[in-house]
Amino acid sequence: MTFAWDAPSVDFHALAPEIIVAATLVILLLVDAFTGEDQRWASSSIAGIGLLVALIPIASLAYDGTTRIMFGGGYVVDNYALVLKALFLLSGYVVVLLSTNYIAEGDYWEGEYYQMILASVLGMMVMASARDLVSIFVALELLSIPAYMMAAWRKRDLKSDEAGLKYYLMGVFASAVMLYGMSVIYGYTGSTLLADIAPKIGALATSTPLVTLGIVFVVIGFAFKVSAVPFHTWAPDTYEGAPTPVTAFLAVASKAAGFVALLTLLFVGFWPRHDVWEPLIWVLSAATMFVGNFIALRQTNVIRMLAYSGIAQAGYMLAPLAVAGASPEAASQALHSIVIYLVIYAAMNLGAFAVVLAVARKTRSAESDSFGGLFSYAPGLTVCMSIFLFSLAGIPPAAGWFAKLGIFQALASAGTTSGYVLAVIVALNSVIAFAYYGRLMRIMWMEDAPDGDVSPIRVPWSITAALVLTVGVTLVWGVLPGLVTHFTDPITLLAVGR
Amino acid sequence: MKDFLNSWGLSLAIFVPLVGAVVMLVIPKAKEQLHKVIALATSLVVALVGVLLLANFAYDDGKTLQFVVNKSWIPFINARYELGIDGISLPMIALTMLVVPLCIIYSWNHFPEPKNPKAFLILILILETGMIGTFCAQDLILFFVFFEVVLLPMYFMIGVWGGEKRRYAAMKFFLYTLFGSALMIVSFMALYFLSDKVPVAGGGFAHTWSMQELPVAAAGISTTAALWIFGGMFMGFGIKVPMFPFHTWLPDAHTQAPTVGSVILAAVLLKLGTYGFVRIALPILPHAAEKWAPFIGLLAVIGIVYGALCCLAQTDMKRLIAFSSVAHMGFVMLGIATLTDFGINAAIFGMVAHGLITGMLFFVAGSAKERFHTLDIARLGGMLKQMPRMGWILGFSAMASLGLPGLAGFWGEFPAILSAYNPGGNLNAGLFRVYMVVAALGTVLAAAYLLWLYQRVAFGTPKEEFAHDPHVHDVTFTEYVAWVPMLVLIVVLGFFPNILFHVTNPAVTHMVSAMGLGS
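Chains as they are written, first to last, in our numbering: chain Y, 978 to 1475; chain A, 3 to 521.
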């Protein structure tokens, strides 16, 4: 018997964004190989331009509007994938902006650094389209492995080494757990395609312990990725030790990628068994919110505080999943609210990190005390940071309020007691969270500068550009949330229509 | 003119302050005089818009919403940019538009440490946007956004320009109110999803946030759910009022806030809570309100008596006035809790009167603090001798505050107490008559603490330490400009309460009859 191998028909338009990013990566490699140390500055520009150019085919695909299904259903380019790819590209671009001066002045391997970012962003983009266990796993590794290296980028700093190693060990452990779960699912259903898995596990008797086990393992694997409690322990140390732009990248893009995978898996693959994952997510979400917020209260380092606040934010984002199975409307609300939250979260959190970076250029520290009196010598940065903190706390008119409103809405739309209880938990946590956001604000606005040093901060243009972008987005979306929903409205996933 | 106001009046009133704030943002900090002029001009433009609104308001038709704007805002959740005012919102908006310019005038040469008029005035203008927006909003989400916008400037105002314990006070203020509004938004959500869908413009049906549509749409909500929803709103609005036992943020916030902050807090911010009850909680969930009313009435009278007793124990003049706010807002809440048109009319009158009178008391306290650098009642004395005009103004405000007939305070308190004699709906008349008696005793206590305060501060001879202090001088020109309008209004409303009742009555009567509770 001979096997005839047919080349799959490739829709180059649909793959154009990925191809552009990959091509940029190759160009970077060549530039790195054939230029001297003194021309490495070009790397960041090339990487940034590549990421922006990749947005063009995304726009044209969105304009075209048809859902493109490739590779036997394992790779889908639909509105959901496009919105998230745009999110990853833009977050990647902002991270490149944040990195430019940091990496150049720190004398860290500039060329390789941007190659790593691009590789990781490429992995995230693949993740947004992947509808198959194997491609999800490949995408996960493609986005994670460069991130492990980036976390340890400051090679001569022990903390950075610790960050990288911890992240790597925890990440690999999570991958192993998840892979085991996937293998069990595959063993039962005989398919790696999510669209095939759903009807098969749906047809099984509800008490199939192994399927339950598989689902639980896969969810736990991604719980590591999104730093949900109790799988969050790597996050604060990694965030603190990693170079700050990398921290921003991990806290925003990498976390978003974890959520994207979770959404795809739960809504497409494991949808018929929402009875299994809903309670699990409920507990994860509640624990994540409380633990993240309470530990954040005790932090004296702004980056660690943002790390724990990011953990708590992951808890808010998980919450709608806990009631998504109640009705088709609840499912659709949950999907939309999480995507909206991811988009807004990216803007406000990247912005907060940009301010931390800018301030650290002067103070060489991210301790809360070093932010004292910021208002007296850097009023612009203070106002920006306040906007981001208010946004993170969910106070209008900064965009965060709309993100949180979406979460409340999704929880309430389920109409179940557990949904309302979780909504009240989210509400309580919003108040707890303000205690530490407010404290940082108090330090910036109301306390005196340490040692009376009020010399101004010179903010490089790349960070200014990142700030303008993020502040603009945070404020405009806060006042006119219709601009976000315009993009997220048409989003559907296989089982979850609107 | 009327057409222009119909489509743009309210939006202008809300966003002109914001425009002023943005203009000031780009002007360098050093040009202090320019900042003051821009801020004052902006607030006067807003006041002018307010005058035009007042002039074009159809008073006989106070029950219908006027100057309505209804535009799509967040189509995804059917939240709309829906504005409009009726006889209930109009007095509140007028009060806000009056108090803000007066505060700016008062600040002219009185900026508290650490000065920085630019930032201070920008915050006041943002505050004005939030306050007017809250009173105009007819969409729950829009209301919520403005309700929260108010928090930010006040937080900074207390925290940056406040007294010694400002950081603690600012944080307490913020966390308390945030806690309330977090529960409130959950309630709004539940209301949104549990109420019936209404037809929308583009065809089809959708859930609604509109305060105009919800009273009908929410009729089908089960009793239990309605009670919970009302509970959430009660927390949100009740903390803002503040009602006993959620009042503890208020004395700290008031004592630590700069003078102008205290005035705005007392004159307008507290009213956001009571306004929320009248505008949202009662009309949308009348039957839940009826179940909650005895409890609200109970907390209101506890607040009256407890606030008064606390006043008697205070040694700091500003803190005393703050606790008197707790007592006075208790009268307002008692009026609301009766669920009668009589009581709610009184409550709205009480809101305006309390805004003017307590605002005035805080102005005087602030000026006294500036001269004596202390408000410790034991160290003050002989104000009438040392600065007779200020002493008289304090006496006048204190009389108004204790509810002297002929001044505005009377018309808030007395009808509120009276209305408890015959509460609406199926409320237990006996219980409310007990409340009535207790509240009436509260007025006696009010007279006691205010007169005692006046006695200690104004009578006698000046204390040795201040007797020859050159800083202690009588009322200045800017103070007169800032105070006279309020003092005049206190007298005018005291003699002609119908000016206000005439505005509120049609709207309140309509609202109460729409609630459809038996009598």
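Note that CB positions come from ideal geometry on N, CA and C, so glycine has one too.
Since the model is a prediction, treat every value here as computed from it, not as a measurement.
- Whole-angstrom distance between valine 1223 of chain Y and valine 998 of chain Y, CA atom to CA atom: The alpha-carbon separation between valine 998 of chain Y and valine 1223 of chain Y amounts to approximately 19 Å.
- Task: Anything in chain Y within Cβ reach of tryptophan 485 of chain A, meaning under 8 Å, just list it in chain order.
- Result: Within 8 Å Cβ-Cβ: nothing; tryptophan 485 of chain A doesn't reach chain Y, min ~30 Å.
- Terminal residues of the continuous beta strand (DSSP E) containing asparagine 72 of chain A? Run containing asparagine 72 of chain A: 68 to 76, per the beta strand (DSSP E) assignment.
- Query: Would you report the Cα separation of aspartate 1055 of chain Y and arginine 1017 of chain Y, rounded to the nearest angstrom?
  - Reply: Near 37 Å, if we compare the C-alpha coordinates of arginine 1017 of chain Y and aspartate 1055 of chain Y.
- Message: Can you tell me which residues form a DSSP beta bridge with tyrosine 1052 of chain Y?
- Response: DSSP, once it has assigned bridges, lists Y:Met1047, Y:Ala1107 as partnering tyrosine 1052 of chain Y.
- Would you say proline 77 of chain A faces chain Y, with C-beta separation under 8 Å as the test? Using beta-carbon distances, proline 77 of chain A counts as an interface residue toward chain Y, with a partner under 8 Å.
- Task: Would you mind telling me which residues of chain Y sit closer than 9 Å to leucine 336 of chain A, beta carbon to beta carbon, in chain order?
- Result: Those within 9 Å of leucine 336 of chain A in chain Y number zero; the least Cβ separation is about 29 Å.
- Have a look at methionine 2 of chain A and alanine 355 of chain A and give me their C-alpha separation to the nearest angstrom. With chain A represented from 3 up to 521, any question about residue 2 of chain A goes unanswered, as that position is not in the structure.
- Nearest-angstrom Cα separation, counted from proline 508 of chain A out to alanine 516 of chain A: CA-CA distance, alanine 516 of chain A to proline 508 of chain A, rounds to 12 Å.
- Query: Would you say arginine 1250 of chain Y and valine 1188 of chain Y are within 8 Å of each other, going by their C-beta atoms?
  - Reply: For arginine 1250 of chain Y and valine 1188 of chain Y, yes; Cβs fall inside 8 Å.
- Quick one: is serine 1347 of chain Y buried, meaning 16 or more other Cβ sit within 10 Å of its Cβ, or exposed? Around the Cβ of serine 1347 of chain Y, a 10 Å sphere holds 16 or more other Cβ atoms; the residue is buried.
- Query: Taking isoleucine 1197 of chain Y as the reference, which of Y:Pro1220, Y:Lys1177, Y:Leu1170, Y:Ala1238 has the closest Cα?
  - Reply: Of the candidates Y:Pro1220, Y:Lys1177, Y:Leu1170, Y:Ala1238, Y:Ala1238 places its Cα closest to the Cα of isoleucine 1197 of chain Y.
- Would you list the residues sitting across from valine 200 of chain A in a DSSP beta bridge? Looking at the DSSP output, valine 200 of chain A sits in a beta bridge with A:Ala208.
- Mind listing the chain Y neighbours of methionine 173 of chain A? Cutoff is C-beta to C-beta under 8 Å, in chain order. Going along chain Y in sequence order, the residues near methionine 173 of chain A (Cβ under 8 Å) are Ala1412, Gly1415, Arg1416, Arg1419.
- Item | Range of the contiguous alpha helix (DSSP H) that encloses glutamate 130 of chain A | Annotation: the continuous alpha helix (DSSP H) that includes glutamate 130 of chain A extends over 119 to 138.
- Task: Would you mind telling me which residues of chain A sit closer than 8 Å to glycine 1459 of chain Y, beta carbon to beta carbon, in chain order?
- Result: Residues of chain A whose Cβ lies closer than 8 Å to the Cβ of glycine 1459 of chain Y are, in chain order, Ser74, Trp75, Ile76, Pro77, Phe78.
- Task: Say whether chain C places a C-beta atom closer than 8 Å to the C-beta of glycine 161 of chain A.
- Result: Of the chains in the structure shown, none is chain C; the protein chains are Y and A.
- Residue range of the unbroken beta strand (DSSP E) whose run includes tyrosine 83 of chain A: In the DSSP assignment, tyrosine 83 of chain A falls within the beta strand (DSSP E) that extends over 81 to 87.
- Message: Please report the straight-line C-alpha distance between serine 1407 of chain Y and alanine 1370 of chain Y, rounded to a whole angstrom.
- Response: So the alpha carbons of these two residues sit roughly 6 Å apart.
- What residues in its chain sit with their C-beta under 6 Å from that of histidine 1209 of chain Y, if we drop five residues either side in the sequence? Ile1288.
- Give the interface partners of valine 151 of chain A over in chain Y, defined as CB-CB distance under 9 Å, in chain order. Residues of chain Y passing the Cβ test: Ile1372, Pro1373, Pro1374.
- Message: Checking 8 Å against the spacing of the C-beta atoms, do isoleucine 350 of chain A and isoleucine 143 of chain A come in under that value?
- Response: No, the Cβ-Cβ distance between isoleucine 350 of chain A and isoleucine 143 of chain A is not below 8 Å.
- Alpha carbon to alpha carbon, how far is leucine 55 of chain A from isoleucine 126 of chain A? Between leucine 55 of chain A and isoleucine 126 of chain A, the C-alpha separation is close to 22 Å.
- Item | Meets three-Cβ-pair contact criterion under 8 Å: the stretch 16 to 24 of chain A and the stretch 124 to 138 of chain A | A contact exists between the stretch 16 to 24 of chain A and the stretch 124 to 138 of chain A.
- Task: Could you tell me the boundaries of the alpha helix (DSSP H) in which threonine 226 of chain A lies?
- Result: Boundaries of the alpha helix (DSSP H) around threonine 226 of chain A: 225 to 242.
- Task: State buried or exposed for leucine 97 of chain A, treating a residue as buried only when at least 16 other CB atoms are found within 10 Å of its CB.
- Result: Buried is the label assigned to leucine 97 of chain A, since at least 16 other Cβ atoms lie within 10 Å of its Cβ.
- Leaving out five residues on either side along the sequence, give the residues of the same chain with a beta carbon under 6 Å from the beta carbon of histidine 330 of chain A. Closer than 6 Å at Cβ, skipping near neighbours: His356.
- Item | Rounded straight-line distance, which links the Cα of alanine 295 of chain A to that of methionine 1294 of chain Y | Computed Cα separation, rounded: 37 Å.
- Using the beta-carbon of each residue, which ones in chain A are nearer than 7 Å to tryptophan 1422 of chain Y? Phe158, Gly161, Val162, listed in chain order.
- Assign valine 1071 of chain Y to one of two classes, buried (16 or more other C-beta atoms within 10 Å of its C-beta) or exposed (fewer than that). Label assigned to valine 1071 of chain Y: buried.
- Measure the C-alpha to C-alpha separation of leucine 1358 of chain Y and serine 1286 of chain Y and round it to an integer number of angstroms. When only Cα atoms are considered, leucine 1358 of chain Y and serine 1286 of chain Y end up about 20 Å apart.
- By the criterion of Cβ-Cβ separation under 9 Å, what are the contact partners of tyrosine 1165 of chain Y in chain A? Those do not exist, as tyrosine 1165 of chain Y stays about 37 Å from chain A at its closest Cβ, beyond 9 Å.
- Taking C-beta to C-beta, are alanine 348 of chain A and glycine 332 of chain A nearer than 8 Å? No, Cβ-Cβ distance for alanine 348 of chain A and glycine 332 of chain A is not below 8 Å.
- Query: Between which two residues does the alpha helix (DSSP H) harbouring asparagine 507 of chain A extend?
  - Reply: Boundaries of the alpha helix (DSSP H) harbouring asparagine 507 of chain A: 500 to 517, taken from the DSSP string.
- Query: Going by other Cβ atoms of all chains shown within 10 Å of its Cβ, with 16 needed for buried, is aspartate 1428 of chain Y buried or exposed?
  - Reply: With fewer than 16 Cβ atoms within 10 Å of its Cβ, aspartate 1428 of chain Y is classed as exposed.
- Query: CB proline 1213 of chain Y to CB alanine 1284 of chain Y, shorter than 8 Å?
  - Reply: Cβ distance < 8 Å, so proline 1213 of chain Y and alanine 1284 of chain Y count as in contact.
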